[in-house]
Amino acid sequence: PDERLIKALDRFQTDVLALMADADDTGPPVTVGSMREAIDRGLFFLVYQPVFSPVSGDLIGAEALLRWRSGDGHIIAPEAFVPLAQKFGMIGGVTRMVLERVCLDVSRLQSLDERFGLSMNLTASDLRSDWLLNAVEEAARDGRLVPGLVTFELTEAEGIELTDEDIDACARLQAYGIG
Numbered sequence: 001p002d003e004r005l006i007k008a009l010d011r012f013q014t015d016v017l018a019l020m021a022d023a024d025d026t027g028p029p030v031t032v033g034s035m036r037e038a039i040d041r042g043l044f045f046l047v048y049q050p051v052f053s054p055v056s057g058d059l060i061g062a063e064a065l066l067r068w069r070s071g072d073g074h075i076i077a078p079e080a081f082v083p084l085a086q087k088f089g090m091i092g093g094v095t096r097m098v099l100e101r102v103c104l105d106v107s108r109l110q111s112l113d114e115r116f117g118l119s120m121n122l123t124a125s126d127l128r129s130d131w132l133l134n135a136v137e138e139a140a141r142d143g144r145l146v147p148g149l150v151t152f153e154l155t156e157a158e159g160i161e162l163t164d165e166d167i168d169a170c171a172r173l174q175a176y177g178i179g
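Okay, so the sequence shown: first residue is 1 according to my numbering, each after it adds one.
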């Protein structure tokens, strides 16, 4: 990729290392109420971790990493809120926000390098939900999803054991160009 792509990626993210350094345990406690407020107020945001080809060393994409800036400015690490979101059925709403942003960002980056892809994490419950395929179908139909440039990665936190239905869901997502 050329220098314009690298600069564009830099504009889409704050330095990941700086954010990691800012993430601390001194922020406000994470509660169901604070999660709902963060979702409603749009306090979640993405940073992108570059992905390089192991063969050529070229920048080939980026992984979307979810972050939450609390009302008092603290960065709350995903380890503090993702399990709570899963436990109380809010992970789908959070994943929807990530999917919308990834679709928007990949379409912008594609104008600089048509092969540059973005990946995002899904939970097994996301994969098993009705909303995911519907959201992907809608994004593809509306032209917000660039086929072949978005990849879903299943998180390991849930101890994934794929069923036949999960494999079928993956095949249906692949039909829309999701890796």
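We treat Cβ as the ideally placed atom computed from N, Cα and C, and that holds for glycine.
Counted as a single uninterrupted DSSP element, the stretch harbouring Ile178 is not any beta strand (DSSP E), since DSSP gives it neither H nor E. A contact is defined here as three or more CB-CB pairs under 8 Å, and the segment 107-120 fails this definition with respect to the segment 67-85. For the options Ile178, Asp126, Glu63, Ala169, the alpha carbon positioned closest to that of Pro50 is the one of Glu63. Contact between Leu127 and Ala80 is absent: CB atoms are separated by about 23 Å, not below the 8 Å threshold. In terms of CA proximity to Phe44, His74 leads the group His74, Ser56, Phe52, Ser53. Restricting attention to alpha helix (DSSP H) runs no shorter than 4 residues, the segment 39-110 encloses them at 78-87, 91-110, ordered along the chain.
If you draw a 10 Å sphere on the C-beta of Phe116, you find 16 or more other C-beta atoms in it, and that means buried. Rounded to whole angstroms, the separation of the alpha carbons of Cys103 and Glu114 is 14 Å.
Here Ser119 is actually not in contact with Thr163; their C-beta atoms are around 23 Å apart, not less than 8 Å.
By the 16-neighbour rule on beta-carbons within 10 angstroms, Gln174 is exposed. Annotated three-state conformation of Leu122 is strand, per DSSP.
The beta carbons of Leu122 and Glu153 sit about 7 Å from each other, so the pair counts as a contact at 8 Å. Within the same chain, and ignoring the five residues on either side of Ala139 in sequence, the residues whose Cβ sits closer than 6 Å to its Cβ are Cys103, Leu145. For Leu133, the enclosing alpha helix (DSSP H) starts and ends at 130-141.
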